[in-house]
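When we follow my numbering, the leftmost residue of the sequence shown carries the number -5, and every step to the right adds one.
Every residue, glycine too, gets a C-beta built ideally from N, C-alpha and C.
Keep in mind that this is a model prediction, so the values were computed, not measured.
This report refers to the structure that appears directly beneath it.
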Amino acid sequence: MDPVKEMNGLDNLAFEPNEQVTDQPGENVVKTHGGTCEVEEDRNKPTYCVTDVPPWYLCIFLAIQHYLTAFGGIIAIPLILAEGLCLQHDSLTQSYLINTIFFVAGLCTVLQVTFGVRLPILQGGTFALVTPAMAMLSSPEWKCPAWTQNASLVNTSSPLFIEVWQTRMTTLQGSIMVASLLQVLVGFSGLIGFLMRFIGPLTIAPTISLIGLSLYDSAGVKAGSHWGISAMTTVLIILFSQYLRHIPIPVPAYSKDKKLHTSKIFIFQIMPILLGISVSWLVCYLLTIYDVLPFDPAEYGHLARTDVKGDVVSRAPWFTLPYPGQWGMPTVSLACVFGIMAGIICSMAESVGDYYACARLSGAPPPPKHAINRGIGIEGIGCVLAGAFGTGNGTTSYSENVAALGITKVGSRTVILLSGVFMILMGMLGKIGAIFSTIPTPVIGGMFLIMFGVITAAGISNLQSTDMNSSRNIFVFGFSMFSALVIPNWIMKNPDYLVTGVTELDQVLQILLTTHMFVGGFLGFFLDNTIPGTKRERGLLAFDKVHLENSSSVLRAEDVYDLPFGITSYLSSQSWVRYIPFCPWRGQKSQYESNENDMSQGQDRERLPDNVTECAL
-5 MDPVKEMNGL DNLAFEPNEQ VTDQPGENVV KTHGGTCEVE EDRNKPTYCV
45 TDVPPWYLCI FLAIQHYLTA FGGIIAIPLI LAEGLCLQHD SLTQSYLINT
95 IFFVAGLCTV LQVTFGVRLP ILQGGTFALV TPAMAMLSSP EWKCPAWTQN
145 ASLVNTSSPL FIEVWQTRMT TLQGSIMVAS LLQVLVGFSG LIGFLMRFIG
195 PLTIAPTISL IGLSLYDSAG VKAGSHWGIS AMTTVLIILF SQYLRHIPIP
245 VPAYSKDKKL HTSKIFIFQI MPILLGISVS WLVCYLLTIY DVLPFDPAEY
295 GHLARTDVKG DVVSRAPWFT LPYPGQWGMP TVSLACVFGI MAGIICSMAE
345 SVGDYYACAR LSGAPPPPKH AINRGIGIEG IGCVLAGAFG TGNGTTSYSE
395 NVAALGITKV GSRTVILLSG VFMILMGMLG KIGAIFSTIP TPVIGGMFLI
445 MFGVITAAGI SNLQSTDMNS SRNIFVFGFS MFSALVIPNW IMKNPDYLVT
495 GVTELDQVLQ ILLTTHMFVG GFLGFFLDNT IPGTKRERGL LAFDKVHLEN
545 SSSVLRAEDV YDLPFGITSY LSSQSWVRYI PFCPWRGQKS QYESNENDMS
595 QGQDRERLPD NVTECAL
């Protein structure tokens, strides 16, 4: 380990952006004609690269930070699915779902960092599978019985109620497991590179945007249970994440050179959602104990009370161990499988972009093909595990945590590995899941307003690499988005018109055509690949340009992406390994370095005049 990094300890966090770069003794600086260039380049370098191991206390702190960063996205998924699974009045089962999804997220993170793409990238539940899952659960065949909507009629321990929700969960489980085999096949066969030639920003943008837009009803119902509390939650999250994010808070810290001192932490930037939820939760608790909120379930605002969900915390066990098949034997719905496959394709395309972004921010070279193939394949295995354990969801790379690497300047995969272990432990504490399941409904609604809005905007942001002055692109995106709102809405209001005479085909069409992201993604994919347009116009060249510009790294590809425990060394003696798309081989080393040198030389020839002018001035 670098002794400079060991000495600086907590002060190396990207809590004070200006301090991170200028206070690094012994930092190698490349001399140029102007100081601006070298300072800007030095500022973007991570304090700890992907293969570095920070001090143990720094690892623990940053692992908790990554857990808190992913907290909002992970916990939202079981809370959304609870409504479709008829569990809105069964808080104890909701707590088990929360424990399970955190446990599986931690397990998949450990697998991804150790055997997958091997970058510091955290895994968690994916909203890309929420939309097709809710489409299935809202279909006439699986719609919840009316009596499950009335809390006074629900007996959570009755065999009838247990059968109602477990039947839906096991069908969702089996469908996710079967659909996930597509991702396993695409990843480990190397087909992901072929598919990415046809999946561009005009396919990804409507698909991701419609994930957020399609959940507006769920957000509105929860926020509408008490608009005052929901608005307060929303305002607090906006205040913390946007207005106060650059304000540091002094906290006690210790390092070998400064001993006990204070260090400034951007706590509002690290956990704005958790802080917003906690403050609103506290306000709801105070309004409950002073009986400001109505006690009668029929009155408006009753769901804002913190005692609505009863004694779920006292009933939950201290320790629980999620296991495959805990809700029963999984079954398969062919219609649901096709719907979830659409979400998985979207998730794969997004993950490939996350890999390149993560490599850039962690000081690693761009991932070679075998690492990308392995990463997608491991994500597929993670989705199979998520289905088997019964999360009702899959797994994907978390873009929020990739962005956190740029904030902290700590790109060590040891930190993410520890964060995965931390999530596994949190998933085994039954009381933790029970506490989170008691969050008042309007507080959840306020959080959903922020999260679903950000998801929608994140999808639209994919268009920045396309030429949006082009009438072609405006047509493709606009038509895809609007049709994806109209068609599912009409079919849900007129389900009897979609009758082909074949029951299985009717179910498949019902779920696919009521899944907004499938309709929008399919139309975007078809139109973008059939209407004439240049690669630059379609935004396909921008992805390659990003890879080219970020190909410089002090680390070698084999140092980062080779398999652990000497597996690569063992396999290198086998000639057949070169034909396995997800295995590194020594011949690939020289080929990769040669391609990288060619790209670097081409980049220098292309950009030399601009660089000389910029630095000389």
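Per DSSP, Tyr61 is one residue of the alpha helix (DSSP H) stretching across 50 to 78. Per DSSP, reduced to three states, the secondary structure at Leu254 is strand. Unbroken alpha helix (DSSP H) runs of no fewer than 4 residues, entirely contained in the stretch 322 to 364, are found at 328 to 355, following chain order.
Within the stretch 153 to 217, the complete alpha helix (DSSP H) runs of at least 4 residues fall at 153 to 183, 186 to 189, 195 to 207, 210 to 217. Contact annotation: the stretch 138 to 147 does not touch the stretch 332 to 351, with fewer than three C-beta pairs closer than 8 Å. DSSP assignment within the stretch 215 to 292 yields the following whole alpha helix (DSSP H) runs of 4 residues or more, N-terminal first: 221 to 232, 261 to 264, 266 to 283. If you draw a straight line from the Cα of Val415 to the Cα of Leu62, it is about 14 Å long.
Under the criterion of beta carbons closer than 8 Å, Gly369 and Tyr392 do not qualify as touching, at roughly 13 Å. Note on Leu419: under 16 other CB atoms within 10 angstroms of its CB, so exposed under the neighbour-count rule.
Approximately 19 Å separates the beta-carbon atoms of Pro434 and Leu233; this is outside 8 Å, ruling out the contact. Rounded to the nearest angstrom, the Cβ distance from Ile410 to Ile115 is 7 Å, consistent with a contact under 8 Å. If you draw a straight line from the Cα of Arg354 to the Cα of Leu86, it comes to about 42 Å.
Shown here, Phe313 sits in a strand according to DSSP, grouped into three states. The Cβ neighbour count for Ile525, taken over all protein chains shown within 10 Å, is under 16; the residue is labelled exposed.
The Cβ atoms of Cys330 and Met163 do not sit closer than 8 Å to each other. In this structure the stretch 172 to 190 does not touch the stretch 489 to 496; the number of beta carbon pairs closer than 8 Å is below three. Here Leu81 carries a coil assignment [DSSP, helix/strand/coil]. Judged by DSSP in its simplified three-state form, Ser431 adopts helix.
The continuous alpha helix (DSSP H) containing His510 extends over residues 510 to 524. Here Arg112 is buried: its Cβ has 16 or more other Cβ atoms, across all protein chains shown, within 10 Å. Where Tyr564 is concerned, the enclosing alpha helix (DSSP H) starts and stops at 561 to 565. The three-state secondary structure of Ser393, taken from DSSP, is helix. For Tyr42, DSSP records a beta bridge to Val404.
Boundaries of the alpha helix (DSSP H) around Phe476: 465 to 487.
Buried is the label assigned to Gln117, since at least 16 other Cβ atoms lie within 10 Å of its Cβ. If the five residues before and after Leu91 are omitted, its C-beta is found closer than 6 Å to the C-beta atoms of Pro72, all from its own chain and listed in chain order. Taking one beta carbon from each stretch, the stretch 256 to 270 and the stretch 228 to 244 have 3 or more pairs nearer than 8 Å; the two touch.
Two segments are said to touch when three or more pairs of C-beta atoms, one from each, lie closer than 8 Å; by this definition the stretch 445 to 452 touches the stretch 197 to 212. A residue is called buried once 16 or more other Cβ atoms fall within 10 Å of its Cβ, and Val396 is buried on that count. Excluding sequence positions up to five before and after Pro291, its CB lies within less than 7 Å of the CB of Ala145, all in the same chain and listed in chain order. Asn523 places its beta carbon 8 Å or farther from that of Ile95.
Beyond the five residues adjoining it in sequence on each side, Leu75 comes within less than 6 Å, by CB distance, of Gly386 in the same chain, given in chain order. Assignment of Leu423 by DSSP, reduced to helix, strand and coil, places it in the strand class. With 16 or more other CB atoms across the displayed protein chains lying within 10 angstroms of its CB, Ser413 is buried. Tyr491 is classed as exposed because its beta carbon has fewer than 16 other beta carbons within 10 Å across all chains shown. Straight-line spacing of the CA atoms in Thr562 and Val554 works out to 12 Å.
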